[in-house]
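Have a look at the structure below, then the notes.
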Amino acid sequence: MPGAPKRVLRREIAHLARLFRGVVLYFYLPLTMLLVGLHFPYDTDASLVEPRSATPFYEAVYQPAGQGGRGLDYEQTSILAAAASNIEGQIAEFVNRYQLHDKRVLDVGSGRGYLQDIVVDYTGLDLSAKVRSHYHKPFVVGSATQMPFPDSSFDAIWTVWAIEHIPTPEKALSEMRRVIKPGGLMFLIVAWNCTSWAADGFDVRPYSDFTPAGQLIKASTVVRGTLVFDVSYRVPTRLIRWVQYAVGGARTPLRFTALRPNYEVFWQPDSDAAVSLDFVETMLWFESRGDACLNCRGLPGDLFTYVKPLVIRVEK
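Quick note: to get the working numbering, add 3 to the position in the sequence shown (first position is 1).
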């Protein structure tokens, strides 16, 4: 029969379609819902108890060698990471693009001030007083959550790998909005989506360092650290938060996942991270306050964004 092969083909296609629907309905969707539930950013500044102070840790990080300092690995890792990510180049491009050479700029979490010569009118802000000797431009010891500056003091703000180390990041972002002028620009380089296992160095320590329970955690990171696993819950979570923002229409609190920072041993980058922040979540926080993201693509373009700074124009 001439039509038999076509009927067989259609039957096989229909069978595969039913199989695919079954996998999606009975396996993938329930698994995705479970992962979203487990990884949803439930925490906000208001939900946290008084966090442990990070000041002693960062004072020790910058303590001079031979004087009790314990930050050699931390500093070397930071320097190498900054070089690999071309941080100076990124900041210089930001300054050039928006003509900020002669504007008043604040560097939040400025460390040793390696970015202080990119603009003329520069001010550094950091928790550690130990770095003061590295500055030939204004430097202020202070917290990003309680900045010692009047309202609308700066034309622009940049911060590099600092926000994720602040236990109450919304307070820090609110302070940045307070001290920047209307129409001012922010450039936020953040280590997005820090992992909960970095504090204990599961990525870099051998299995022999851990108890059987710890070995199971380390084994699980092989899967949990993959992009496929991350996308399976992060993209649906971003969609949920986008819908909540669109329907609510009001200012949204900054949601994040609180982490347990390790202020004793620096095992790997972001062992000392206090929160896990998401790019889209942070973008929505600004946009819900009327600010404009100058390098965002919106929905669906930013659903899969992972490594990207935020460039914000503050409208207040």
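Just so it is clear, CB atoms sit at the ideal spot from N, CA and C, and this is done for glycine as well.
- Burial state of H168 is buried, judged by a 10 Å Cβ sphere holding 16 or more other Cβ atoms.
- Per DSSP, R227 is one residue of the alpha helix (DSSP H) stretching across P215 to R227.
- Inter-segment contact for the stretch 304-318 and the stretch 186-198 is present: three or more beta-carbon pairs are separated by less than 8 Å.
- D46: not part of any beta strand (DSSP E); DSSP gives it neither H nor E.
- Under the DSSP assignment, V314 falls in the beta strand (DSSP E) whose first and last residues are L313 to R316.
- With three or more CB-CB distances shorter than 8 Å, the stretch 270-277 counts as touching the stretch 193-209.
- Contact between the stretch 140-150 and the stretch 117-128 is established, with three or more Cβ pairs separated by less than 8 Å.
- In its chain, beyond the 5 residues on either side, V134 and H137 have a beta carbon closer than 7 Å to the beta carbon of R115.
- The shortest C-alpha to C-alpha distance from V226 to any of P33, L32 and L38 is the one to L38.
- DSSP places T126 inside the beta strand (DSSP E), whose first and last residues are D124 to D129.
- For V52 and A222, the gap between their C-alpha atoms comes out near 31 Å.
- In this structure G92 is exposed. Its beta-carbon is surrounded by fewer than 16 other beta-carbon atoms within 10 angstroms.
- If you check the CB distance, L103 and A159 come in under 7 Å.
- Taking a contact to require three or more Cβ pairs closer than 8 Å, the stretch 200-216 and the stretch 265-273 qualify as touching.
- Only exposed fits A87, as fewer than 16 other CB atoms lie within 10 angstroms of its CB.
- In the structure shown, F289 falls within a helical segment according to DSSP collapsed to helix, strand and coil.
- For the options Y266, Y248 and V207, the alpha carbon positioned closest to that of R258 is the one of Y248.
- DSSP, read as helix, strand or coil, puts T171 in coil.
- With respect to T308, D46 sits apart: the two C-beta atoms are not nearer than 7 Å.
- Under DSSP, V108 forms a beta bridge with Y125 and A159.
- Here the C-alpha atom of G40 lies approximately 20 Å from the C-alpha atom of D48.
- Look at G304 here: in three-state DSSP terms it is helix.
- By the neighbour-count definition (other C-beta atoms within 10 Å, threshold 16), D110 is a buried residue.
- Per DSSP, reduced to three states, the secondary structure at G186 is strand.
- The beta carbon of S291 lies closer than 8 Å to those of Y248, A253, R254 and T255 in the same chain, with the five residues before and after it left out.
- Judged by DSSP in its simplified three-state form, Q149 adopts strand.
- Counting every other CB atom within 10 Å of its CB across the protein chains shown gives L32 a total below 16, marking it as exposed.
- For V231, the enclosing alpha helix (DSSP H) stretches over residues L230 to G251.
- For the set V231, H42, G293 and L34, the Cα lying nearest the Cα of D281 is the one of H42.
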